[in-house]
Amino acid sequence: MERRRMDAALLVLLLGHLAAALEVPLDLPQPPTITHQSPKDYIIDPRENIIIHCEAKGKPHPSFSWTRNGTHFDIDDDPNVSMRPHSGTLVVDISRAKAEQYECVYQCTARNKHGTAVSNNIVVQQSRSPLWSKEKIKPIVVQEGVSLVLPCRPPAGLPPPIIFWMDNYFQRLPQSNRVSQSLNGDLYFSNVLREDSRSDYICYARFPYTQTIQQKQPISVRVLSLDAINDTMAAFYNDTDLFSDDPADERKPTFLVPSGPSSSKTVLRGQVLEMECIAEGLPTPDVSWTKLSGELPAKRTYFLHYQRTLRIVNVSESDAGDYRCTARNKLGTVHHNIHVMVKAAPYWISGAPRNLVLAPGENGVLTCRASGTPKPSITWAMNGIPIENSPKDLSRTVEDDTIIFTDVQTGSSAVYQCNVSNPYGYLLSNAFVNVLSEPPRVLTPANKVYQVIKNHRALIDCASFGSPIPKITWFKDSRSSTLDGDPYILHDNGTLEIHTAQAHNSGKYTCVARNSLGKEENHIQLEVKEPTRILKQPEYKEVQRGRSAVFQCKVKHDPSLIPTMTWLKDDGELPDDERLIVDSDSLTISEVTENDAGVYTCIMNTTLDHDSASAELTVVEATPTPAVVSERPDPPTDLELTDQKKRSVQLTWTPGDEHNSPIQKFLIQYEDSLHHRGHWHNLTEVAGTKTTAHLKLSPYAHYTFRVLALNGVDFSRPSLSSRMFKTEPAAPDENPSGVQGFGTEHDNLVISWKPLSGLQSNGPGLHYRVMWRKKAVNSEWITATVANTSKFVVTGTPTFVPYELKVRAVNDHGAAPEPAIAHGFSGEDLPVAAPDNVQPMVLNSTLAEVHWDPVPSKLIRGHLKGYKVYYWRERSLHKHNPHHVEKQILTFSGNHSHGKLPGLHPFSLYSFNVRIYNGKGEGPPSPTQEFETPEGVPGAPTSLLVTNTDLDSLTLEWSPPHVRNGRITGYTLKYQPVNNSNELGPVEEVALPANETSVTLSNLRHSTRYKFYLNAKTVRGAGPAISQETVTIMDEAVASRQVDIATQGWFIGLMCAIALLILILLIICFIQRNKGGKYPVKEKEDAHTDPEFQPMKDDDCTFGEYSDNEDHKPLKGSRTPSNGTVKRDDSDDSLVDYGEGGDGQFNEDGSFIGQYSGKSVSRETAEGHESSEAPSPINAMNSLNSFV
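Here this note's numbering = 1-based position in the sequence shown + 11.
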């Protein structure tokens, strides 16, 4: 027998690895396994339906049956009981029955063809919350200083109620070192005081299952002093004192609970041990606890009810022994010893028996190892039947708490029950033995990604199944060798452990599961992440009330993890206040108040780890401050680079002193020492409240950053540079822009582009892949590779052929995305044809229109730029005009078929031809043609002179117009007198023949100014006039009288007196002006400041002045417009029809603008253009004789 025990122990040791729990896939045959059941002691709410749980799995799915109180429970016979589909769970409908009928012991059985599993015995009891028994409680009158116990004695409930004391207003009664509640609910007073008097001591019992509260009748307590008691009783006992005059005596402690010097208590392992000692005495005694047989377990010991109760949780056998409670006050000490015994219901030593999956011919062990106090007994059953009554099996041997299986065979699958029991409870466990032949399968999801923080333990699962049990091996990356040594630990369940994960442990892992029937592998990814760390913790702040407080919390974390910043105040949520602004790395509190004082904590969480830091805010009263002087801020400090990625980085900094002017923004600059060493470039700006910026970067650059702060004064000095951050090279992100194709010769194609900058290159070895092809279907791309240039010349191309072009950027790390197609043409050549069917069309004397047929595109040999009309005036058709051969060119851009030639000379012979031109130049001219312009109005006569002036006659001589524009048919002479007030007299008109160049006018008035107008005429009308003025000779008698008057002494004296008077007036005005006043003349001048102020007429007693600038004043009745310009003829011609060349501006009808315009007529101001003649009486007299 002893030999067999030793063999069994050895077999258990050898097969121990087979005891690991296996999860059998549900698609494989397997006996039932109970997955969920109700607790052993099942207390139900009598107001609700009873639900007794029993769930199980298996293949095939198991069927269920129940026993009640040890006998079969036929569910079909009870209309109030039903079983859920595909489940063993019972539902009892209590609407038609009482819950008491179903207070029984239930057990569930789940079975299929491979075995039977059973549940625990489930004892169903309904919860009870009985009412307090009716009782009349008499008021309690006690002497001050004595002890008092108020009993609660709640009704027994299931489970026991929770006891507490309150008053009529549902406020908990205060408890203290003097007043405390015992474990049974009674309220103990070590000594009473006068303030303990009240009439509403009420004990409440709350029953948790039914959520009901029962109330005891209120207890009235009246605490009286000794004198008050004597006065109260004197009326009944003839003023005889019942008590002495002395107050209640002080006394040493005595125990109210427990009684006697010692007691004992029994507790079960794993439960809670509670012991209490309540003492009375005056003064109030203090209670303390010690363990006589050892030390109190510090982590499991709690003192409640003001040291009256000792609680030890999760009791173990080591807690057995003797405990002492001690009560003491200044008068003495009292002790009570409690002997504690720890018993134990059965408990597993190494866990419940585990399922076994064995291949045919394998060996295995079921172990049911448990302990308890007293030692429990162990019994085995198979498929719910005691094993001694089960069929014999030679492969099975039962040895106390172990069943040994050797050389198992197919068909021996079963479920074994192990029952361990002692007087304090039992354990029942099901474990099946499943005999299968199954190749390996990996149950861990394929390509699962595990993430772990650096320097933490990494566990990579490789859950598998197979029969025989597969062996697991691990490989990394190249699979060059198995992972079976430091730093790797391979667990029995296939899990690979890395005790301290480092960055180089990241990578692809492969687990391979093998058994005799095959193998299967799975790939798993491990990512080792950087830990989350707070780089700059919030600091203690002392802030004046009304100012702002800013807590910084700069964090570094792994860039691939998404962080979440949380702020707490005093370990609770932040107040919901808009003054508290949470940013990515700071907390700003504006206009702080006393309520904002406290401890603020920032917590940075990621999906894998977290870090936190705290700081305190103290709010003080504001103090008067001197006048604020603002300066530019100090430069930022402590630049840190975090969250580093391939093309981005997070920059954090600490702001410098803002010098009484809030920082408005931060400017971030960078230097690329790889491409532009020594040059700082602006990168981005962030608000002045931020101290973090996420910077987007380019590959293949050596970045250094600095930060400048801006306040209301100026920018700060730049901060110290950050450490260098090198981005890795990469293929270009973009291709060159501005790709175009053109020719410099008729047989080449120049492909040009804007090259990438060094920062855009993204890596070393930048070059360009130039591609071109004719724009035709199915033509092949031709490629050339160039570097350090921005153009490529393709030679030997046909003239002006369209091409498709592409330029792709490439470096040592790859090519940019596929470029867009650009379009271009090979080189141009001169056009080979002239326009056909060229026809002139004369529109008027100064405008002609030329029409032609466009040149076919194939003969243009380039980009059509437009047409040019060359034209020149051969000669005038008038015999007296010379020849003119000066050529003019009008250019018509675009694809025109006609154009207008403005500004022609009338009555002239013109020659012209038309040419097409492209980007290369002009083509051949069309045959030269001629056209004649009709007559126009002539120009003004060349000169007009006055000769032979007499008293009443004069002679006019002129020269013909220089520009005749046709044959002169005659002249028109108009003249009229002009008096000294610039008024015009009646007009006289004389028609003169073409061959005359002079005329004598008689019958004129003497001493009169005349104005003459002369113009020439052709068949088209009169041309512009030339004007001239003159004065006829004065009569000698009148002249002599005028001289006599002017030389008389009285007249000279009068003039001198007037001059002297004017001088005196000027002196007076000058004096008045120096005194600051205004004189009337000045006020009058101020009232007439209009620059167009007109001179007065004769009837105003003033003398008008004639201006020489009125030579071009129109005749009365003329239709010259007020703006002085000749109104042009209406025309529907478009300005597009006019060429881009020419020497002057033209109206739409082809006439020069301004050629026929006249000056506007206006009266001159008194201040402007004064006559050289001074006013005199002679002129005044002349004005009287002007129209005589």
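The beta carbon of each residue, even a glycine, is placed where N, CA and C say it ideally should be.
So Q225 is in the alpha helix (DSSP H); what residue range does that whole segment cover? On the sequence shown, residue 225 is found 214 positions in, with the first residue counted as 1. Run containing Q225: none in the alpha helix (DSSP H); it sits in the beta strand (DSSP E), 223-226.
With distances taken from CA atoms, which of Y313, V152, N348 is nearest G271? As a position in the sequence shown, residue 271 is number 260, starting the count at 1. For G271, the closest alpha carbon among the candidates Y313, V152, N348 is that of N348.
Going along the chain, which residues of its own chain have a beta-carbon closer than 7 Å to the beta-carbon of D1110, five neighbours each way excluded? Counting from 1 along the sequence shown, the entry for residue 1110 is found at position 1099. The predicted position of D1110 is uncertain, since its pLDDT is 42 and thus under 50; no value can be drawn from it.
Do you know offhand how far L841's Cα is from F942's? If you number the sequence shown from 1, residue 841 lands on position 830. If you number the sequence shown from 1, residue 942 lands on position 931. For L841 and F942, the distance between alpha carbons rounds to 29 Å.
Smallest Cα separation from I1: which of Q192, V278, R365, D622? Residue 1 cannot be examined here, being either before or after the span of the chain that is shown, 12 to 1199.
Using 7 Å as the threshold, is the C-beta distance between E739 and K657 below it? As a first step, residue 739 must be located in the sequence shown, where it is residue number 728. As a first step, residue 657 must be located in the sequence shown, where it is residue number 646. Yes, they are a contact pair.
Give me the Cα-Cα distance between L956 and P949, rounded to the nearest whole angstrom. Position 945 of the sequence shown, counted from the first residue, corresponds to residue 956. Position 938 of the sequence shown, counted from the first residue, corresponds to residue 949. Going by the C-alpha atoms only, they are around 20 Å apart.
Helix, strand or coil for L494, going by three-state DSSP, please let me know. Taking the first residue of the sequence shown as position 1, residue 494 is located at position 483. The answer is coil: DSSP assigns L494 none of H, G, I, E or B.
Give the straight-line distance between the Cα atoms of C288 and D297, rounded to the nearest whole angstrom. Position 277 of the sequence shown holds residue 288. Position 286 of the sequence shown holds residue 297. Roughly 10 Å between the two C-alpha positions.
What is the residue span of the alpha helix (DSSP H) that M1066 lies within? The residue given as residue 1066 occupies position 1055 in the sequence shown. Start and end: 1060-1085.
Integer-rounded CB distance, given that P570 should sit under 8 Å from D622: Within the sequence shown, residue 622 is the residue found at index 611, counting from 1. Within the sequence shown, residue 570 is the residue found at index 559, counting from 1. Actually they do not touch by this definition, with Cβ atoms about 16 Å apart.
For I398, name the three-state secondary structure that DSSP assigns. Locating residue 398 in the sequence shown gives position 387, where the first residue counts as 1. For I398, the three-state secondary structure derived from DSSP is helix.
Identify, in the order they occur along the chain, each residue of the same chain with its Cβ nearer than 8 Å to the Cβ of P846, setting aside the five sequence neighbours on each side. What you label residue 846 is simply residue 835 of the sequence shown in a count that begins at 1. Counting only Cβ-Cβ distances below 8 Å, and skipping sequence neighbours, we find W863, D864, P865, V866, Y878, V925, R926, I927, S937.
Beta-carbon within less than 6 Å of S361's beta-carbon, same chain only, minus the 5 sequence neighbours each way: which residues are those? Residue numbering aside, residue 361 sits at position 350 when the sequence shown is read from its first letter. Excluding residues within five positions, the ones whose Cβ falls inside 6 Å are R380.
Neighbour-count burial assignment, R407, 16 or more Cβ in a 10 Å radius: As a first step, residue 407 is located in the sequence shown; it is residue number 396 there, counting from the start. R407 comes out buried.
Taking the alpha carbon of S274 as the reference point, which residue from T663, V351, N466 has its own alpha carbon closest? Here residue 274 refers to the residue found at position 263 when the sequence shown is read from its first residue. Looking at the Cα atoms, V351 is the closest of the given residues.
Give me whichever residues DSSP pairs with G375 in a beta bridge. By 1-based counting over the sequence shown, the position of residue 375 is 364. For G375, which the question treats as bridged, DSSP gives the partners F416.
Boundaries (first-last residue) of the alpha helix (DSSP H) holding S432: Reading the sequence shown from its first residue, position 421 is the one you call residue 432. It is not in any alpha helix (DSSP H) - S432 instead sits in the beta strand (DSSP E) that spans 425-433.
For N430, I'd like the list of residues in its chain whose CB is within less than 6 Å of its CB, leaving aside the five on either flank, ordered along the chain. Taking the sequence shown and counting its residues from 1, the one referred to as residue 430 is at position 419. T390, L439.
Give a yes or no on whether the C-beta atoms belonging to A951 and L912 are separated by under 7 Å. Locating residue 951 in the sequence shown gives position 940, where the first residue counts as 1. Locating residue 912 in the sequence shown gives position 901, where the first residue counts as 1. Result no, Cβ atoms of A951 and L912 do not sit closer than 7 Å.
Spatial neighbours of H692 within its chain, please: CB distance less than 7 Å, with the 5 preceding and 5 following residues excluded, ordered by chain position. As a first step, residue 692 must be located in the sequence shown, where it is residue number 681. So the qualifying residues of the chain are Q680, Y681.
CA nearest to the CA of K109, picked from N60, Q154, T120: Taking the sequence shown and counting its residues from 1, the one referred to as residue 109 is at position 98. The shortest CA-to-CA distance from K109 to any of N60, Q154, T120 is the one to N60.
Using 10 angstroms around the beta-carbon of Y551, count the other beta-carbons present and answer buried if the total reaches 16, otherwise exposed. Along the sequence shown, one-based indexing puts residue 551 at 540. Only exposed fits Y551, as fewer than 16 other CB atoms lie within 10 angstroms of its CB.
Candidates K145, P229, G156, of which the one nearest L184 by Cα: Reading the sequence shown from its first residue, position 173 is the one you call residue 184. That would be P229, whose Cα lies nearest to the Cα of L184.
Going by the CB atoms, is the gap between I54 and S138 shorter than 7 Å? Position 127 of the sequence shown, counting from 1, holds the residue named residue 138. Position 43 of the sequence shown, counting from 1, holds the residue named residue 54. The Cβ atoms of S138 and I54 sit closer than 7 Å to each other.
Under three-state DSSP, which class holds E111? Numbered from 1 along the sequence shown, position 100 holds the residue referred to as residue 111. The answer is helix: DSSP assigns E111 an H, G or I state.
Outcome for N1006 when other beta-carbon atoms lying within 10 angstroms are tallied against a minimum of 16: For the purposes of this step, residue 1006 is identified with residue 995 of the sequence shown, where counting begins at 1. Around the beta carbon of N1006, fewer than 16 other beta carbons sit within 10 angstroms, so the residue counts as exposed.
Would you call the stretch 969-981 and the stretch 1027-1043 touching, i.e. three or more CB-CB distances under 8 Å? Contact holds: three or more Cβ-Cβ distances are below 8 Å.
From L1071 to G1064, what distance separates their C-alpha atoms? In the sequence shown, counting from the first residue as 1, residue 1071 sits at position 1060. In the sequence shown, counting from the first residue as 1, residue 1064 sits at position 1053. Straight-line spacing of the CA atoms in L1071 and G1064 works out to 10 Å.
Is the closest heavy atom of the ligand SAM to the C-beta of T44 under 6 Å? Although the ligand SAM was asked about, the structure shown includes no ligands whatsoever.
Going along the chain, which unbroken runs of the beta strand (DSSP E) with 3 or more residues stay wholly within the stretch 794-873? Runs found: 802-806, 813-822, 833-836, 847-855, 858-864.
Could you pull out every residue in the same chain whose Cβ sits closer than 6 Å to the Cβ of V300, ignoring the five residues on either side in sequence? Position 289 of the sequence shown, counted from the start, is the residue given in the question as residue 300. According to the sequence as given, residue 300 is Trp; it is not Val. Excluding residues within five positions, the ones whose Cβ falls inside 6 Å are L321, C336.
Please classify D596: does DSSP put it in a helix, a strand, or coil? Along the sequence shown, one-based indexing puts residue 596 at 585. The three-state secondary structure of D596, taken from DSSP, is coil.
Quick one: grab the DSSP three-state call for S1009. For the purposes of this step, residue 1009 is taken as residue 998 along the sequence shown, with counting starting at 1. Three-state result, S1009: strand.
Run the CB neighbour count on R975, radius 10 Å, all protein chains shown included, and call it buried at 16 or more, exposed below. By 1-based counting over the sequence shown, the position of residue 975 is 964. With 16 or more other Cβ atoms within 10 Å, it is buried.
Check each candidate in R886, G930, L719 and name the one with the smallest Cα separation from F918. In the sequence shown, counting from the first residue as 1, residue 918 sits at position 907. Checked all of R886, G930, L719; the closest Cα to F918 is R886.
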